[in-house]
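Numbering (the UniProt record's numbering), first residue to last: 1 to 208.
Quick reminder that beta carbons are idealized off the backbone N, C-alpha and C, glycines included.
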């Protein structure tokens, strides 16, 4: 990962990463999710947080699907975790905070993914289809459920092959696993992007 400390570059990368995070497309371990949300809190509300943080304030820094809405006790527990993480932040400038946020993002295999809406067909019970986000980056392929925003598949680039089938269909071939089938109007574009990334990564490895 290239370390980037230009203030404008950090600002740009942070803006993109924050948007993906709040949309729910950067699933992470709970401790990292809390840290990332705490950084957004500091950037938006400063060092002093009010005593009463409502749903609006929390949803400004946290993916909405991770915010408890049925139990006030669970919500207050989340608020407590956010406040603790917020109080432990040591960075003092906007750029430092944004860079620290990016460092957490860089640990995720979904960082830098270009996501496409698709429908995945299930070859095992329960059969049927489900809407997903199909993500491609220089790490590999990630599949996130549109309904739960949980990552349901993550396959490294060298462990799979993404093949454009007929029409809007894609086949994801994995070593020692069944083929996953997706349908999306952007199937050809996804397959072309996958090939470009494969070529780019292979070229970088040869240069080493």
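Item, Value
"In or out: residue 82 buried (at least 16 other Cβ within 10 Å) or exposed?", "buried"
"Count Cβ pairs between the segment 127-140 and the segment 94-107 that sit closer than 8 Å; are there 3 or more?", "no"
"Work out the CA separation of residue 141 and residue 70 for me, nearest whole Å.", "34 Å"
"Rounded to the nearest angstrom, what separates residue 80 and residue 120 at their Cα positions?", "38 Å"
"For the beta strand (DSSP E) containing residue 153, name the first residue and the last one.", "151-156"
"Indicate the three-state DSSP secondary structure (helix, strand or coil) for residue 46 in the structure shown.", "coil"
"Hey, residue 38 and residue 85 are a contact pair by Cβ (cut 8 Å); roughly how many whole angstroms apart?", "4 Å"
"Straight-line CA distance for residue 131 to residue 27?", "17 Å"
"Where do the ends of the beta strand (DSSP E) carrying residue 113 lie?", "Element bounds for residue 113: n/a, residue is neither H nor E."
"Under three-state DSSP, which class holds residue 57?", "helix"
"What separation, rounded to the nearest whole angstrom, lies between the Cα atoms of residue 194 and residue 116?", "12 Å"
"Please return the same chain residues whose Cβ sits closer than 8 Å to the Cβ of residue 55, not counting the five positions on each side in sequence.", "67, 69 and 75"
"Per DSSP, what are the beta-bridge partners of residue 16 in this structure?", "Looking at the DSSP assignment, residue 16 forms no beta bridge with any residue, so it has no partner."
"Could you tell me the alpha carbon to alpha carbon distance between residue 149 and residue 175, rounded to whole angstroms?", "25 Å"
"Assuming residue 164 and residue 183 form a contact by the criterion Cβ under 8 Å, report the distance between their Cβ atoms to the nearest whole angstrom.", "Going by Cβ atoms, the distance from residue 164 to residue 183 rounds to 11 Å, so no, they are not a contact pair."
"Would you decide whether residue 99 is buried or exposed? Buried here means 16 or more other CB atoms lie within 10 Å of its CB.", "buried"
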